[in-house]
Each structure stands twice: as C-alpha cells, then as structure tokens.
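Residue numbers (my numbering): 58 to 954.
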C-alpha cells in the first residue's frame, strides 16, 4: 500500500521507518511519508517536484539539495499562530499531520500570474530598482511603493502572537565539535577517549552526514554501521553531550558558540509546558569545526528547472530516504563523485541516459569504468526544456556535437565548497586554494581547528584521519593525554577527489542562473561588472547575489568566479564576501528565550497583591510593579465612580493603600548625614533620631530628580523612601556620589524595598483604627506620635515601624512591617476597620488626594520640572552645597513667569 501511495519510494533500503506512515498535506493535497523523512524527501516520494517559485521572475522551482543550503524549496510550515514562512523543506523533519503551503505564487503554484515578470526580463536586470520608478515623482507613494511592498518578501509571517515557549541554557565543555559527520564523529571519539568533556552539535536529526549516503567501508564494515557504533559509544560516554537537531549558528569571543536546538520542531506542537526551541550558549576551551562542504551547482542555460538537482542530493535521497527522484537521469559532473551518483541511480532502478563529464577523458582515471552508462567526455549541458518539470536536456560533447536526451532528472555537481562560514565569524578570511578549486579557512584563533571537508579534505579517509587528529589535539590542549587508537582501513567508492573547477559554459544569451532564489543570472553579474561594480560587496548588493534566505551558500563561489572572469582577475584577487552570524535563520523567539511578552522583564507584586485581587482590584503596571489602581464595586458604572468613592472615604472615614512599591534604602555609617546633605537639596544631617523629613533631590542640571521621606532611626542610620519609578536610579545615584564625589565618607547603602511592606492608613478615623490594632499598650496621641515622626513597635512579636506622615492632607500614618507579614496584617486591619468604614483605595484615588492637597504628584516628576515649579523652593537650602544647586539658580529657573 505504501508504494502505491508513494510512487517514487524504493522497495528497500534507506534509513526510514517503513512501519510508521505519516500523513501530511502540501497546498491542501494529502500525501503520505515515512518516519525519518524530511518534507522534501516525502514530496519526492510522492512524485511532487514543483515546490516553489523564484523571487523576481516567479520561475518554477524544484528541490535542489538535501541540506540547509536549499534555495528553492521554501514553504510555509504549519498554520495560524505557528505559521512559519521560508522553511527549507530539505531540513523540515516530517511529522504526523504536517501542513505545508507553497509561497510567493498567485493564484496557484502551477499557474502563477506573476510569472509574466519573466517576459519583462530586461526591465529587471541587475540594479533595476536604482534605474526605474523615477518618473513621474507623484507616482511614488500612490503607485510604485504599494506595488513594491506587495511584491516584497516570499512567505507570510503569522499575524498572531507566537504561542510557543523558548528556553536559554548554558553548556561548558573542554571540546566542542560542530558537525556530526565522519570527521566530527572521529574528533568527538578521539577527544572523548582522552577523557575530555565533549559536546557534539549536529543540525540534522541523525548523525553521520554524507556517510549515510555512501557505500564506503570503515573498519571493514559499511560506513553506516561505523556511524551507528560511534554514536552508541558517544551516547554511553559519561562526559559527552550529543545535541542533534542543533545548529551552531555563530562563533564569538572567548570560546563562545551560539547554538539553537529545535526541541519540538519535529512535532505538530510542543507538549504542554515543553519548549519549542532552546538557545544554547556553549563555552568551550577548544572548538573543532567539522561542518562539511556544500556541493556547487553549474551555471548553464535553463539550470533552474524542477528536476535539476545536486548530484550529492540525488544520492542522499536514494541511499538515506529510499526515494528515486527520477526515472531517466543524466549526470553532469566535474569530479568523480558524479559517478557515485550514477551508480546509486542504477542500483535504484533508474535509467542513466548519460554521464556528462566536463573533464577530458585523460583525467578521469578509472572512475568512468565503474559506471554502466554512456559517458560524454569533455561535455556540457547547453539547454534544458520543460515548463513545470524537466523533460529534455541538450548536451554537447568534447568535439562540439550536440544532441537532445529525454530525461526527467539532471544531477549536477560542479565541485565542493568547504563550509567556511563559522570560521569567518571571528574575523577570519577564507583563502583560495587552486588545488581543490575552492575557498578554505584562513588563519584561525588558536582554540579553533577545522577537520574534514570543512578544511578541504573531501575523501572519507581524509576526513577520518583529520577528525581524529583534531580531536586528539584539542583534548591535549585541554590537558588530557591524546588517545592512541586509530581508525583502520577505509575502502571508498568514487568521491569528490580528482575534480576540475567548472563554473559555467561561457557567454550565452539565455538565462543561466547563479542565485536561484533571487533570480541572479550570469548576465546580471556581467552587467554589474561593466557598470563598475568590481568589489564583491558592491556586486552582492547591486545584484542581490547571496542576499536571499540561503545567504549564497550554493551561489557565492560561482558568482565570484564569474565576477573574476568579467574583471580579468583571479578568484583569489577578487576575494569573497563577509560571512556573519547566523549560519542559518534563527527564530527570534529562541534568542529572546523566556523574556517574551510579560516575561520581557520581571513582574513584581506587592505583598498584599492577593488580598487586593480578591477584592476585585484593577491593576496597573508601574514600572515592574503591579499596583491596585482602583477597587470597583457592584453597581458602579465606571472607574470615576470608584475613585470618587475611595477618595471620599479617605476624607470622611479611613482608607488603606499598599505603598510598598516605594523605593526603600537604608543608609548607615558615621557619615550618613553628610552624604544625604550632598544628595538632598534640604539639610538632613541635623534631623533628630525618631523624626522624619520630606526631601527633594535635584539632578546636576537643576531639575527635580526625585522626592520622598527621610527618617532617622538611629544616630548612624537613616531610612529613605523614593518614588516607585526612581527607586533603582536613586540608589545608583547615591552610590555614584559616594564613590566619585565623596569616596572618603564612611557610609553604606542597602536596598530594602522588597524586605519591608508599607501600608498607608489615612483619614479622620486612622488613629482610632491603629489604636484598635496596637491596643492600650501603645500611646497613639499626638504628643506621643507627633507629625513627621517614626516609632519602633511590635505587632504581636513582629517588629514594625509607625510613621506619622500623610500625602493625602488628612490625618495619616504609614505602617512598615516585614513583607512576609503584610498579607496577614492587612486582613487584620480590614477586620478591625469594618465598623469604621475602612475602604481600600488605589493609586488613582491617591493621586486625586495629592493633587487636591497641592502635593507634587508622580506625573509632575518627569525630569522637566524645577523645585520652584512644584512649590518646593523653600526646601532648597541656602546654607549648604548640594548636587544641582548651581544650575538651579539659572535665570530661567527662578523667573516666576
């Protein structure tokens, strides 16, 4: 049944789970895949080759590769709030119920109206946006800009908020190995056997890399078996951490690597309370980069049709996913790896119509003898045909003879480019190697090594030896004895060795695509060079070469080769563009981690928050705090009625308000008073013990910085309150003044905002309420508790402080108590105050009361007012110096008008 529903699925082989059938949809049509598939392999198994449209010309596009370098097969994954645009189908792991939609087409993928752009190709040449839309000027806002905005982009981002959770974590290790292919596994094994702490990152959901798609043997057994054995050993090692589905996207100073683990992306939705992705900050003493290599396309006319794929990708789909991408194939190669692809096609039952080798017969050595198929020596593909699917291929042989071949698959490979991207993140510059015809890593920091294909060693034997060397050296540099075990014999099939760089066919009039996603052609690069854009960075921006979502992974080197040819320079002289993090796209949510939405910053709650919530309080965010704004009651039509009722209760009976959010700072030391004289405009050093004074601070420019109360609770101890908004800033200001302006003062500061709760009790009946609470043992008379005083007392066995202060204009007190006891205290006060008409009031009523009395309200302390503006001029001392004194006397500050 599976084969009937998946016509291109092979009967045997592959690393898929044939017992688990996974249904999915693409553009609304239902298909089936297998566990272990990617979306790309599942689509190919179902015979789907048309998966997208290019950006500029909206040309039909098929699956090109099998990895993260994919420029064509970009889809919208999932729906609703979890919709994710520009997802590469080649790395999207198939799951039960996956929903994917093609993008950048209208009305459908097969019939895209915007493909008419191809008819206007000359108008969309390199830099066309600098040369068009100039006239008439009045059209810009009404016509040109709306059209450009509608055409911009590929997929559609979700409009809803992201519902998923993300995490951030740290890892510390001796050796970090990036890449779980042959070289990476060898490096991890060597370092692990030496006793080092090892972290192995692999972006795929399976370890092995290209070893999963080859027929080589390692230690006398298939490479896949060696990978399985290596994986089991590493999983069993106590000091090894394997992170699959994890992309190392950037390298930073001091051995720091940023990586994103796709924890739940292989599921329809994360499990409850599970995260979708996790951002790892990995700190390593030594780093081994074994990121592999990317196969390079060949630039020829019509090289972008669905059915044209990278040679290594064809091999991967056959060997790893048991999918035959085509029935009649042509292989176009510039190295020996093309013959391995031809062999894989033959074994899978495909007809190999021809192997077109760009090299002359004399340099092919024995590779051609291993393939039972016609071989065209020194040949090239000169044209392709087919509207939505490859149908015919035109080839030319070494003698110039042309012929057409019917084919539905073209496997091309122009060479291999080491994945040097991560090596450039710390300022490294790739160096051109004539030996392999590619850029290799340049000079690297001492703590970073490169192994395997990432360093230009493309054979499996070279990768194994290189990986083991790098792992041993990394462990030795961390203080561990190098492991003496070595990998034994390697029997390899045809690999990418013996290649000759082959970029393009020379000057042709038809479209030869270099950047498949952005529709950059060889002609565009030639035009840019003619117009003076000789710098690779200028070329990149003028033509958009390498500026698509794949960041030029498959197009960059071809583009540089064409520019070098157009400007009569070598590729080494032409140089390369700068590679920056991230290596592949990273979800912003993963970088933000748990600091999203209301978790963007801490949420702070008053000690009586639960009590207020039980009484229906409406809360308002004040900085990080949630404060009760008012307490609506049944029958009240709006907030104003609630606020008026609360203010009236304070004026006529008694009200209670939690003011714990005010900043609270204890200042201790023999020089406490002297420092407070420096930061406050009014004198504080003469304040008597047990007394409270209202104070105002100025900035250096003379504007009011903050206000609050200062209570002297001991000869060398003051208790300060600040406004809620400026609590942290005031503490920083005081510490700065101490360290910079008065370093000799013996004084220290402690922020006790969260330690103490503060309840304001105001109104004509406030003394009576406190009398009930404290009992006859505490004298509440005005003589015993005068205005602007502070008293120490106990409530039960709990130490507390009673402040006789009022910001409402009525008789008022503030009761300070350790925060853990505040909830019990407010409930006790509510019980005692019921007969007195006790009413909770919020910040809105408190502001009304302050304004009615003429006190400065919080909104007036906005950094633009002076003490005179607020009626506080009499507080400003004329007998001492203080911060802001000089500039507060400027004419504009003292002019009453």
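All C-beta atoms, glycine included, are put in the ideal place defined by N, C-alpha and C.
Please read all numbers here as calculations on a predicted model, not as lab measurements.
Annotation for residue 666: no beta strand (DSSP E) segment contains it, though the alpha helix (DSSP H) segment containing it runs 666-671. At a Cβ-Cβ threshold of 8 Å, residue 514 and residue 506 do not count as neighbours. In the same chain as residue 867, and ignoring 5 residues on each side of it, the C-beta atoms closer than 7 Å to its own belong to 707, 708, 819, 820 and 821, in chain order. DSSP places residue 805 in the uninterrupted beta strand (DSSP E) bounded by 805-808. Counting only the Cα atoms, residue 607 lies some 12 Å from residue 351. Bounds of the alpha helix (DSSP H) holding residue 793 are 784-793. One Cα belongs to residue 865, the other to residue 845, and the distance between them is close to 14 Å. In summary, residue 198 is exposed, with fewer than 16 beta-carbon neighbours lying within 10 Å of its beta-carbon over all protein chains present. Note: residue 304 is bridge-paired with 317 in the DSSP secondary-structure output. Here the alpha carbons of residue 292 and residue 298 stand approximately 8 Å from one another. 8 Å or more divides the Cβ of residue 307 from the Cβ of residue 800. If you draw a straight line from the Cα of residue 614 to the Cα of residue 404, it is about 32 Å long.
In this structure, the alpha-carbon of residue 600 lies about 38 Å from that of residue 152. Using a Cβ distance threshold of 8 Å, residue 359 and residue 441 count as a contacting pair. Annotation: the continuous alpha helix (DSSP H) that includes residue 950 extends over 948-951. Cβ contact annotation for residue 65 (same chain, cutoff 8 Å, sequence separation greater than five): 101, 102, 103, 104, 380, 381 and 382, in chain order. Within the same chain, and ignoring the five residues on either side of residue 226 in sequence, the residues whose Cβ sits closer than 8 Å to its Cβ are 335, 336, 337 and 338. As DSSP reads the structure, residue 869 sits in a beta bridge with 819.
Under the DSSP assignment, residue 375 falls in the alpha helix (DSSP H) whose first and last residues are 368-376. Ranked by Cα distance from residue 215, the first of 610, 873, 71 and 136 is 136. Note on residue 204: under 16 other CB atoms within 10 angstroms of its CB, so exposed under the neighbour-count rule. Annotation for residue 438: the continuous beta strand (DSSP E) segment containing it runs 437-442.
The C-alpha of residue 788 lies about 34 Å from the C-alpha of residue 840. Short of 7 Å from the beta carbon of residue 73, and not among the five residues preceding or following it, lie these beta carbons of its own chain, in chain order: 91, 92, 93, 94, 378 and 379.
Taking the C-beta atoms as reference points, residue 770 is found no nearer than 8 Å to residue 762. Looking at 229, 908, 250 and 937, the one whose alpha-carbon comes closest to that of residue 529 is 250.
Every alpha helix (DSSP H) of 4 residues or more that sits fully in the region 727-772 is shown, in chain order, as 729-736.
For residue 721, the three-state secondary structure derived from DSSP is strand. Contact between residue 162 and residue 231 is absent: CB atoms are separated by about 50 Å, not below the 8 Å threshold. The distance from the Cβ of residue 240 to that of residue 347 is about 4 Å, consistent with a contact at the 8 Å cut-off. Separation of residue 792 and residue 798 (C-alpha to C-alpha, rounded to the nearest whole angstrom) is 10 Å. In the three-state reduction of the DSSP assignment, residue 478 falls in the helix class.
Taking all protein chains in view, the Cβ of residue 919 is surrounded by fewer than 16 other Cβ atoms within 10 Å, so the residue is classified as exposed. Note that the C-beta distance between residue 922 and residue 760 is below 8 Å. Residue 227: not part of any alpha helix (DSSP H); member of the beta strand (DSSP E) spanning 223-235, first to last residue. The way I'd put it, the region 616-625 doesn't touch the region 655-675; fewer than three beta-carbon pairs between them come closer than 8 Å.
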